[in-house]
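The opening position of the sequence shown corresponds to residue 1 in our numbering, with each subsequent residue numbered one higher.
Every residue, glycine too, gets a C-beta built ideally from N, C-alpha and C.
Nothing here was measured: the structure is a model prediction, and the numbers come from that model.
Beneath this line is the structure, given in structure tokens, with notes to follow.
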Amino acid sequence: MGFTTDPAVNQFLFGLTTGIAVAATASFLYSTFSLLQAAPARTLASPLRAAAKPAEPAEPASDSTQARLEAAFTVSKAQLHDITRHFMTEMARGLASHSSTLKMIPSYVVNLPSGTETGTVLALDLGGSNFRVCEVTLEGSGRSRMRQKKYTVSDDLKTGSGDKLFDFFAACVAEFVGSASGDVKLGFTFSFPCLQTGLAKGTLINWTKGFTASGVEGKDPVKLLQTALARKGVKVRVTALVNDTVGCLVSHAYSDPNTHVGVILGTGTNAAYVERVDRIPKWDGPIPDSEVMVVNMEWGAFGEGGVGLPLAEADAALDRGSAYPKRQVYEKMISGMYLGEIMRIVVQDLVKTGELFGGVGGTALDVPYSFETALLSRIERDHSEDLSDVRTVLHDLCSVPTTSLQDRRLIKRIAELIGTRSARLAAAGIAAIVTRINRLDDCTVAIDGSLFEHYPHYANRMRDALREIVGMAADNIVLVQARDGSGQGAALIAALAE
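Here it is, written out as structure tokens:
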């Protein structure tokens, strides 16, 4: 039986020719064909009007309270399909226009590594609160060695002047390289929305992740870094401007050539993937010999304008108090920077209504961003009968004077709902990418970040959601941990640029 160019039909034929159960094939047809329909995306119904079946039921502390929370934070299978279709629509718009919600930025990375590259290159990695300087030695055969040093970017640097911020970066590089001389190449992983105009040229569109340093938006971060390095007398040449997600993809491709998607699920979130250049209408440059280019999606902006995502009241409250209201909506529902704050807002509201802790909460809960996402992870890991560690978190870290077992059960369920929603929304974005690039038959998705690596059940929740969206094809989408990809990725891209 011959195969066609239609990915959905190929999957159907594959199922029939290999004896897969009729029931499984029917399930796949329902999921995949509905995803590929050309019908326009519709606005999702409010989660406060229709409760979906909870993913992980737990004994409720209050039927009405928990039912309301389940409705607000559960993303149903139907909603997953709607989000995925809407994602694909926005991807197409972003590839055709510079004014779309999804920026879909051509990265100018047109070659993926073969695994045979060798040499030593520097890499700078700015992904959030931490800044790294790395020396990457590529040894070929997909192997590499790295020497690195981490530095903390203070809040004063994040919110001060751009010159001070980049002088700090240059000082860190100077300390790291010491008296080294010669023409040292450097790849700069700059994990913020940039409009790239060349492999080592770009313009910062806007800050995210709590950065607001002045004099940087609308400027080229490569020039700012190169100028700062010159002020410090550091003889280093910046040869590549790299988004961390692009770096993650390229880094993992060094050891696994089947890697076509890179995702960051940590302090922030983003995705990049390999696209055919002839499917990027806004690209006006020459067609590269490879005929492909890595596209930096900047998918954290998905849902801006309130369309396409099931927002809860806590999401709206978080957005109003954020540094950039009505922007990065998807990121605010998914990433590690915000999950703890969503939890704090929900808990604070329940205390005010008397539904938690008898109406008496801790003073720490009044401080924005005081409840870290790591605490959600800790709460979800507590499987003791009396949830003793949840009690410790609430009493010792949140100053809550007393808690009942019902309180602690509800707290754990809220953490599960917020964590599960994050994983399911991330899976919808991945399903949209893999479907668009026709890789439902075989695709490695490299994922870097603390949420995927450390948050309990996160990876399995993503895999479950993928099965709900694309059916049997989910087994062909391999989600793998890509540790420390942004440093090595930047070095590889700098090496490939020569």
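Excluding five sequence positions before and after T444, the CB atoms of its chain that fall closer than 8 Å to its own CB belong to H252, D256, N258, T259, H260, V261, V478 and V480, given in chain order. The beta strand (DSSP E) runs lying completely inside the region 218-268 and spanning 3 residues or more are 236-242 and 259-265, given in chain order. In the DSSP assignment, F176 falls within the alpha helix (DSSP H) that extends over G162 to V177. Annotation: the continuous alpha helix (DSSP H) that includes R344 extends over G336 to K352.
Annotation for K149: the continuous beta strand (DSSP E) segment containing it runs R143 to T152. Contact between L225 and F169 holds: their C-beta atoms lie close to 6 Å from each other, under 8 Å.
Every beta strand (DSSP E) stretch that sits fully inside the region 424-491 and reaches 3 residues is listed by chain position as 443-448 and 477-481. Within its own chain, the residues whose Cβ lies closer than 8 Å to the Cβ of M146, once the five positions on either side in sequence are excluded, are C134, E135, V136, T137, D484, G487 and Q488, listed in chain order. Taking L365 as the centre and dropping the five residues before and after it, the same chain places the C-beta of R344, V347, Q348, V351, F371, C398, S399 and V400 closer than 8 Å to its C-beta, in chain order. Under the criterion of beta carbons closer than 8 Å, L466 and A427 qualify as touching, at roughly 5 Å. Here the alpha carbons of Y324 and M293 stand approximately 30 Å from one another.
The three-state reading of DSSP puts F357 in helix, counting H, G and I together. Within the DSSP bridge table, the entry for D125 names R132 and T189 as partners. By the 16-neighbour rule on beta-carbons within 10 angstroms, P113 is buried.
Between the region 324-335 and the region 296-311 there are three or more C-beta pairs closer than 8 Å, enough to call the two in contact. When the beta-carbon positions are compared, G429 and H86 stay at least 8 Å from each other.
Assigned with DSSP and collapsed to three states, Q328 falls in coil, not helix or strand. Counting only the Cα atoms, A314 lies some 25 Å from D155. Between V75 and V246, the C-beta spacing is not below 8 Å.
Here DSSP, grouped into helix, strand and coil, assigns G303 to coil.
According to the DSSP secondary-structure assignment, Q196 is paired through a beta bridge with G202. In the DSSP annotation of this structure, the continuous segment of the alpha helix (DSSP H) that includes V390 starts and ends at S388 to T392.
Here A272 is bridged, per DSSP, to G262 and N296. Sixteen is the threshold: when 16 or more other Cβ atoms of the shown chains lie within 10 Å of the Cβ of D244, as they do, the residue is buried. Annotation: H98 to K282 spans about 8 Å, alpha carbon to alpha carbon. A Cβ-Cβ distance of about 6 Å is found for the pair R378 and V393, placing them in contact under the 8 Å criterion. Contact between S335 and G419 fails: their C-beta atoms lie close to 12 Å from each other, not under 8 Å. The Cβ-Cβ distance between K103 and E298 falls below 8 Å. Contact between A213 and L165 holds: CB atoms are separated by about 5 Å, below the 8 Å threshold.
The continuous alpha helix (DSSP H) containing T84 extends over residues K77 to A96.
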